[in-house]
Amino acid sequence: MSGCIDFQRLMHRYLDGEVSQGEKALFDRHLTICRDCAREFKALQLGLNMLASMPVPEPAPGFTSETVKKAFMAKRLLARRQKVMAWFLAGLTVIISTLILASWTIIFQPALKWAALNLLRALSASDVIFNTLNRFLSGLKTILISLGDKAPQLLLHGAAPVLYGYLTALIIMVSFILIRRIRYRAIFI
Amino acid sequence: MATHSPEPVSDQLDLIKRACAGDKDAFGKIVNLYRRMVIGYCHRMVGSGAEDAAQEIFIKLYLSLDRFDVSKPVAPFLFRISHNHCLDILKRKGIRTIPIETDAGYEKVPQLRDKMPDPEETVQKAELRDEVNHAMAAIPPLYRSPLIMRHVDEISYEEISRILKLPIGTVKARIHRGRKILQQKLMRFVIADGE
Chain A
0 MSGCIDFQRL
10 MHRYLDGEVS
20 QGEKALFDRH
30 LTICRDCARE
40 FKALQLGLNM
50 LASMPVPEPA
60 PGFTSETVKK
70 AFMAKRLLAR
80 RQKVMAWFLA
90 GLTVIISTLI
100 LASWTIIFQP
110 ALKWAALNLL
120 RALSASDVIF
130 NTLNRFLSGL
140 KTILISLGDK
150 APQLLLHGAA
160 PVLYGYLTAL
170 IIMVSFILIR
180 RIRYRAIFI
Chain B
0 MATHSPEPVS
10 DQLDLIKRAC
20 AGDKDAFGKI
30 VNLYRRMVIG
40 YCHRMVGSGA
50 EDAAQEIFIK
60 LYLSLDRFDV
70 SKPVAPFLFR
80 ISHNHCLDIL
90 KRKGIRTIPI
100 ETDAGYEKVP
110 QLRDKMPDPE
120 ETVQKAELRD
130 EVNHAMAAIP
140 PLYRSPLIMR
150 HVDEISYEEI
160 SRILKLPIGT
170 VKARIHRGRK
180 ILQQKLMRFV
190 IADGE
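Right under this line is the structure:
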């Protein structure tokens with residue numbers, strides 16, 4: 000042990016009982032020659048001993064029975080709350096799904112039709128407007144033109160299930176996460 | 000953590016199964032087995048209000064019994080719940096600790112009838128206890144918790160790292176920092192004591 004810095008390092012290992020016989024001898028010797036280190040070690044030892052032997056409050060006489068009663072009541076309450084929440088989320092899922100379906104025919108379908116038709120129009124003027132994107136657009140244009148009048152229909156029927164599937168999956172995922180969160184939240188009376 | 004496995008695993012398994020099935024006596028037995036350990040930990044972590052905290056911890060234990068792996072001992076699981084719950088309490092209150100009421104409702108330390116305590120020694124012990132309480136309050140809860148587990152409950156570093164779900168190096172560093180703060184806070188006491 001070269002000095003006080005090594006002693007500080009060794010002190011933690013000493014407290015954990017991880018020192019060899021030789022290290023223990025060096026440690027004990029350093030304590031006799033260095034007053035500061037001896038004080039530091041004594042402070043820590045006193046603190047840890049007191050912490051371990053500190054008196055702990057005795058639980059109140061009815062502690063166990065009261066705890067058991069509250070725990071069982073909390074479980075009943077939790078189960079009831081979970082049931083209510085599950086019904087609420089199920090109802091919410093139905094409402095949101097209905098709204099999505101309704102919005103599909105009112106908003107998304109006309110919007111997709113409009114987008115598909117305008118895309119074709121824009122692509123027909125692509126030579127003038129999008130010179131820099133010509134190569135990419137011309138590829139896309141070829142595909143869409145080859146589809147002809149079927150393009151809007153294909154977009155509608157291809158995109159509809161995907162979009163609807165994503166939204167429904169998202170709602171189910173959010174509902175599932177919410178149910179799980181509620182499940183693990185403790186209720187204290 | 001041999002000191003905290005008061006029940007053989009098979010008995011414990013039976014108790015947990017019965018408690019899960021709604022047997023109040025079985026859960027009461029679990030509470031009785033671990034209440035001192037939990038109250039002791041909470042008392043050192045949050046100070047006053049340890050009993051309420053312990054009660055809430057047991058309620059949390061009961062609510063999560065169906066998730067508990069019965070092949071493992073209860074104590075580490077209970078320590079994990081206690082650690083998280085005490086941190087929540089301290090965070091909720093926005094303070095590091097709650098001052099401990101001295102002597103109120105504490106168990107009496109058994110003493111020999113023919114041996115009267117030395118008044119000076121008693122005063123000195125009370126002073127040291129106050130100093131340690133203040134020093135503990137100065138230790139951040141994240142260091143305080145593993146320090147208590149290591150030095151009060153004598154849990155190994157490996158077990159603490161499993162309880163806190165932290166690498167052993169981090170656990171050791173936190174305990175060393177906690178010790179350092181405790182040591183620094185108690186230096187004044189040791190110097191005043193004339194050492």
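Chains as they are written, first to last, in numbering that gives the first Met the number 0: chain A, 0 to 188; chain B, 0 to 194. All residues carry an ideal CB built from backbone N, CA and C; glycine is no exception.
Among the residues of chain B, none has a CB under 9 Å from the CB of residue 26 of chain A; the nearest is roughly 16 Å distant.
Using a Cβ-Cβ distance cut-off of 8 Å, the stretch 123-133 of chain B and the stretch 22-42 of chain A are not in contact, since fewer than three pairs of beta carbons, one from each stretch, lie closer than that value.
In the same chain as residue 166 of chain A, and ignoring 5 residues on each side of it, the C-beta atoms closer than 7 Å to its own belong to 99, in chain order. With respect to chain B, the C-beta atom of residue 172 of chain A has no partner C-beta closer than 7 Å.
In this structure, the straight-line span from the alpha carbon of residue 95 of chain A to that of residue 162 of chain A is close to 14 Å.
Scanning its chain for C-beta atoms nearer than 7 Å, with the 5 sequence neighbours on each side dropped, one finds around residue 147 of chain B the residues 40, 43, 44, in chain order. For a Cβ distance threshold of 7 Å, residue set 66, 70 of chain A lies close to residue 57 of chain B, ordered along the chain. Under the DSSP assignment, residue 102 of chain A falls in the alpha helix (DSSP H) whose first and last residues are 62-102. Just so you know, the alpha carbons of residue 20 of chain B and residue 74 of chain A end up roughly 12 Å apart. Residue 22 of chain A carries a helical assignment under DSSP once its states are collapsed to helix, strand and coil. For residue 152 of chain B, the secondary structure class from DSSP, reduced to helix, strand or coil, is coil. Taking 7 Å as the cut-off, the Cβ atoms of residue 42 of chain A and residue 36 of chain B do not count as close. The Cβ atoms of residue 29 of chain A and residue 62 of chain A do not sit closer than 7 Å to each other. The Cβ atoms of residue 60 of chain B and residue 80 of chain B sit closer than 7 Å to each other. The Cβ atoms of residue 73 of chain B and residue 51 of chain A do not sit closer than 7 Å to each other. At a cut-off of 7 Å, the C-beta of residue 51 of chain A has a neighbouring C-beta in chain B. The three-state reading of DSSP puts residue 163 of chain B in helix, counting H, G and I together.
If you check the CB distance, residue 54 of chain B and residue 39 of chain A do not come in under 7 Å. Counting along the chain, the unbroken alpha helix (DSSP H) around residue 92 of chain B starts and ends at 73-92. According to the DSSP assignment, residue 118 of chain B belongs to the alpha helix (DSSP H) that extends over 118-137. One alpha carbon belongs to residue 13 of chain A, the other to residue 20 of chain A, and they sit about 11 Å apart. Cβ-Cβ separation between residue 145 of chain A and residue 88 of chain A: approximately 46 Å, too far for a contact (criterion under 8 Å). With fewer than 16 other Cβ atoms from the protein chains shown falling within 10 Å of its own Cβ, residue 91 of chain B counts as exposed. When secondary structure is reduced to three states using DSSP, residue 19 of chain B falls in the helix class. Of all alpha-carbon atoms in B:155, B:174, B:118, B:119, the one lying nearest the alpha-carbon of residue 144 of chain B is that of B:174. Residue 176 of chain A is not a Cβ neighbour of residue 92 of chain A, given a cutoff of 7 Å.
For the stretch 79-90 of chain B, the beta-carbon criterion of a distance under 8 Å to any beta-carbon of chain A is satisfied by none of its residues. Of all residues in the stretch 127-148 of chain B, the ones placed with a Cβ closer than 9 Å to any Cβ belonging to chain A are 127, 128, 130, 131, 132, 134, 135, 146, 147, in chain order. With the criterion set as a beta carbon lying under 8 Å from some beta carbon of chain A, the members of the stretch 10-38 of chain B are 21, 23, 26, 27, 30, 31, 34, 35, 38, in sequence order. Burial state of residue 159 of chain B is buried, judged by a 10 Å Cβ sphere holding 16 or more other Cβ atoms. When A:23, A:18, A:26, A:48 are compared, the shortest CA-CA separation from residue 135 of chain B is found for A:48.
In the DSSP assignment, residue 4 of chain A falls within the alpha helix (DSSP H) that extends over 3-14. Look at residue 82 of chain A: its C-beta is not under 7 Å from any C-beta on chain B. Interface with chain B (7 Å Cβ-Cβ cutoff): residue 17 of chain A is excluded.
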